[in-house]
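Asker:
Residue numbers (UniProt numbering): 1 to 830.
(1) With burial defined as no fewer than 16 other Cβ atoms inside 10 Å of the residue's Cβ, what is the status of residue 39: buried or exposed?
(2) Name the DSSP bridge partner or partners of residue 160?
(3) How would you call residue 752, buried or exposed, if buried means at least 16 neighbouring beta carbons within 10 angstroms?
(4) Please report how far the alpha carbon of residue 623 lies from the alpha carbon of residue 482, in whole angstroms.
(5) The beta strand (DSSP E) spanning residue 648 covers which residue range?
(6) Please check the pair residue 194 and residue 448, which I expect to be a contact at CB under 8 Å, by giving their CB distance rounded to whole angstroms.
(7) Per DSSP, residue 379 forms a beta bridge with which residues?
(8) So, under 8 Å CB-CB, residue 108 and residue 81 are touching, yes? Tell me the CB distance rounded to an integer number of Å.
(9) Run the CB neighbour count on residue 134, radius 10 Å, all protein chains shown included, and call it buried at 16 or more, exposed below.
(10) Is the separation between the beta-carbon of residue 56 and that of residue 90 shorter than 8 Å?
(11) Can you list, in chain order, the stretches of the alpha helix (DSSP H) that have 4 or more residues and sit fully within the region 197-263?
(12) Please classify residue 866 as buried or exposed, where buried requires at least 16 other C-beta atoms within 10 Å of its C-beta.
(13) In its own chain, which residues sit with a C-beta less than 7 Å from the C-beta of residue 243, not counting the 5 before and 5 after it?
(14) Got a sec? Which residues, its chain only, sit under 6 Å from residue 265 by beta carbon, not counting five neighbours each side?
(15) Is residue 507 close to the ligand GDP? I mean its beta-carbon at under 7 Å from any heavy atom of the ligand.
(16) Using CA coordinates, which residue listed in 22, 268 and 374 is at the minimum distance from residue 259?
(17) Between the alpha carbons of residue 159 and residue 325, how many angstroms are there, rounded?
(18) My output table needs one value for residue 52: the three-state DSSP class, helix, strand or coil.
(19) Do residue 668 and residue 585 come within 8 Å of each other at the CB atom, strictly closer than that value?
(20) Classify residue 214: buried if its beta carbon has 16 or more other beta carbons within 10 angstroms, exposed otherwise.
(21) Just list the residues that DSSP pairs residue 126 with in beta bridges.
(22) Output needed for residue 735: all residues of its chain with C-beta closer than 7 Å, excluding positions within five of it in sequence on either side, in chain order.
(23) Would you tell me roughly how many angstroms separate the C-alpha atoms of residue 468 and residue 204, rounded to the nearest one?
(24) Give the list of continuous alpha helix (DSSP H) stretches no shorter than 4 residues that lie fully inside the region 509-593.
(25) Can you check the region 652-717 for any alpha helix (DSSP H) of at least 4 residues that lies completely inside it and give the ranges in chain order?
(26) I need the boundaries of the beta strand (DSSP E) containing residue 8, first residue and last residue.
(27) Which residue wins for smallest C-alpha separation from residue 332, given the options 78, 49, 433 and 660?
(28) For the beta strand (DSSP E) that residue 424 lies in, which residues bound it at each end?
(29) Could you pull the start and end residues of the alpha helix (DSSP H) that residue 299 belongs to?
(30) Would residue 498 and residue 535 be called neighbours here (beta carbons separated by less than 8 Å)?
(31) Candidates 337, 641, 429 and 361: which alpha carbon is nearest residue 87's?
(32) Rounding to the nearest angstrom, what Cα-Cα distance links residue 653 and residue 454 in this structure?
(33) Does DSSP classify residue 358 as helix, strand or coil?
(34) Quick one, are the C-beta atoms of residue 343 and residue 130 less than 8 Å apart?
(35) Given residue 396, which residues of its chain have a CB within under 7 Å of its CB, disregarding the five upstream and five downstream residues?
(36) What span of residues does the alpha helix (DSSP H) with residue 617 cover, start to end?
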C-alpha cells in the first residue's frame, strides 16, 4: 500500500494534469495497447515530472517486459513511445533532471517578459509561438545559452533550420553569444551525416538536379513505357518529391501502392527511371539525405540509439514549415529524452504545396500533451500601424492560436507613410506599373521590394521597370518563362516563323495540351518545318501515330488559318489548354503561378493584333526582362512565398485584388482543405506575411473596385470587398495614398532646388536620355550641372547600379542613361 499522505488514483480516473507537490500513486495500470503506453508516458509520467510531483505506478508489467512488435507506431515504424517510456522508467529511481528551473544567467541581449519566459522555460518539450518580427532567433540563441548554463554539453546540443544561409546566420549569432561550439545545421546536413556514417554515400557524388531537358526525357520515356500522356517535365520533380518525402516509399513500393490511373502510373514509372539513373551514375540528391536518414533510423535500432545519444537537446527554427519526413527525423533524434525546443508561427505557414501544414504547430500538443507553450507578444520589426493592421487581419483566421500581437514598447507611429493604399483604374492597367517604375528608380537594392502573390502579378511591374532602365532581380520564372507564359511564347514563335522553329518550342506545342507523340516527334517536325512544310503537314508526316496524328493536324490547321492573335489563344484553350493547366495545378499545387489568369490576360491583350505582331510583343518582353536582370544589384520583385523570413524598409504589395490575393482557386477550395486551414485562411496568412515584411513603409496597390477582402479585414479600407466590387468607387484616391506615386526626396543636402534649378536639372536629364549629352565622362557631366551639390552628385552615382564617375557618356548603355535621367528628374521635382 502507498505510504500515508500519498494520493491514490486509479488508472481509469487518473488526472491529466497535476498541481502542488502531493505524491500520487497510480493503481491498476495495464499496458495492453499503444494508447495505454502513450497515456502513461505523456499524460501521467511526463506531466507529473514537469509539475515536480512524485509518482508511484502499480502496473501488471514493466516497460522492459513488453514486446516491441505489439507497439509499433505508424510513421515511425518502430515502438517509438515504448522506447521513450523505457528510458524514463530506467531513470525513475534517481529522478529526472530534465525539468530543472531557470539558471538565472543574464541574457546576452535585452529580452522582454515573453522572450525571457521562452528562453528560461523548464526542460522537456517547449513550443514557442513567434509572430512576425518577435525576435525568434534571439530567443533560440538565449535558450541555448540557458541550456549551457544548466550544465548541458555544447557538443550534444543541436540547432536545426531549413537552409544554409539561415544556418550560417544562426552559427554567427551563437558565436557572438559565446555558444560557438553548439552545432547549427540544416535538416539535409544532419540527414547526410547519418547516412554517410552508415556507409550509404561511399563512392557516391552529390547530384544537384536534372535539367529541364533531362526531366523531359524521363517524362517521355515513362509515358512511352506505360502508354500514357507525357507529364509536364517542370512539375515532375515536385511530384516525385511528394512520393519520396510524403510517402517515404521506394520506387518498387510506390509502383505497387500508387493509384492505378494513367497519370499516377506514368509518374511512378518516371520515379523508377530517375532512381535507376542515379544508381547507374552512383549519385545521390538532397531528398536522399532526408528520405534515407528517416528510413534508416526507423528500421535500425542501433543506428537510432547512436544518434539519439549524440544529441541530448534538439532546437528547431521555423517549425511551422517542417514537412512530415523532417518532423519524423526531428522527433526520432529528440527521443527518448524529448528535450525538444521548437520556434515557429502557425500564422506564417505558407508552404502547403511542400507538405507543410498549419496543424504541425496546432497539434504538437497531441504528440506531447505535457509540453510548455509560450507566445511572444511584440513585433519589433514593423511600425505600430502595420502591427495593428496585420494582427487584425490574421485574427480572422480560425485555425490558429489566439494570442496578443503588439507593437514594440515605446515605438512611435510611422505617420502617413506607414501604410498607404493606391488604386489604379482597370481601364489603364499599364499606368500603375509605369508610375511604380519611376518610384523604384530612386532606390537601390535592399531599400525597397515589390511583392506579388504570383509571378504573373509581378510581370507587368517588372516589364515597366525594365523599360524605365531600372535594374531588377527576382525568381527565375520572371525572366525565363514557364507554364502558360512559356506555352504562348512557343506557339506564337512557331506560328509566326515556322522555318525558324526550335525543337524546344515544338516540343512545348506537342505536349501542351498533350498530344501523345513519341520521343523523337519534335525533332521530326522541326526538320520538316525547316524544309518549308506547314505545321499541320509536318505533324501529319509523323510515322505510326494513327488517330493522334489526324487529330493534332486538324487542331493545328485551325490555328494556322487564324490571323487574329486572340482567336489563336481562344482556339488553343478550346482544344484543351485550359484543361491541361487545370490538371497541372491540381497535381503540383504551385502557389506562385496562375496559368489560367495568364491565358485570360493574354487573350484580352491580343485582341486586334496579328499573330506576327503578338509574337514580336512576347519576344520583345522576354528579351527586355533578360537585359534588365541584375541579381546582385537589382531591385527585387518577388513573390510573398520567397520573401518569407526577410524584411525591407519599404514594401510595395502589388495586385492586392480579389481573385489574386486571395487567389481565386482558394475561394473555391473543397471543404476538407478549408477545415485544415487552407483555402482563404492560407491566403490570409500570405497577406499577413506580405504586410509584415516592411520595417518603415508599407504600400499596397490594387485595381479600382476590386480590392482584396484582406484590406478590410486589416482595417486599412472601410468597405468590404463585395461592396467595393459592386459599387465601383470613384477614381479619386483615398487620403492614405498621399505621396505614394512620387518617389521620396533625396536626402536634403544644401538648399532646396528652386524652380530654375529644377528646370536646369530637367534639361540635363532630357539631354542625357535623348543622347544629345555625349561629351566627357559621367563625373564631368554631373559637375556641369552647377545647381547640384557634391553630396547630391555622390547620391546620384550610388542610385544607378554599375555607374561610375569615370565612365564615358558615349559608352553608357541606353538603359543606364534612362535610369540616370529618371533619377535626375526625381531631384528636379523637389
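We put the beta carbon where it would ideally sit given N, CA and C, even for glycine.
Answerer: Inspection of the coordinates gives the following:
(1) buried
(2) Bridge partners of residue 160: 185 and 316.
(3) Its pLDDT being 41, under 50, residue 752 is placed unreliably in this model, and the value from its coordinates should be taken loosely. The residue is exposed, with fewer than 16 neighbouring Cβ atoms inside 10 Å.
(4) Put simply, the backbone Cα of residue 623 is about 15 Å away from that of residue 482.
(5) 648-653
(6) That belief does not hold up - the Cβ atoms of residue 194 and residue 448 are roughly 43 Å apart, past 8 Å.
(7) 407
(8) Actually they do not touch by this definition, with Cβ atoms about 36 Å apart.
(9) buried
(10) no
(11) 212-226, 236-241 and 251-257
(12) The structure shown does not extend to residue 866, since the chain is modelled only from 1 to 830, so the question has no answer here.
(13) 249, 254 and 271
(14) Shown here for residue 265: same chain residues with a beta carbon closer than 6 Å to its own, the five before and five after excluded, namely 226 in chain order.
(15) Ligands displayed in this structure: none; no statement on the ligand GDP is therefore possible.
(16) Comparing alpha-carbon positions, the option among 22, 268 and 374 lying closest to residue 259 turns out to be 268.
(17) Near 17 Å, if we compare the C-alpha coordinates of residue 325 and residue 159.
(18) For residue 52, the secondary structure class from DSSP, reduced to helix, strand or coil, is coil.
(19) no
(20) exposed
(21) 341 and 372
(22) Note that residue 735 has pLDDT 37, beneath the 50 cutoff, so the model's placement of it is unreliable and no number is given.
(23) 49 Å
(24) 521-530, 535-540, 547-560, 565-572 and 578-588
(25) 664-667, 671-675, 680-691 and 709-713
(26) 7-10
(27) 78
(28) Note, residue 424: beta strand (DSSP E), 419-424.
(29) 286-299
(30) yes
(31) 337
(32) 11 Å
(33) In the structure shown, the three-state DSSP call for residue 358 is coil.
(34) yes
(35) 684 and 713
(36) 611-628 is the extent of the alpha helix (DSSP H) around residue 617.
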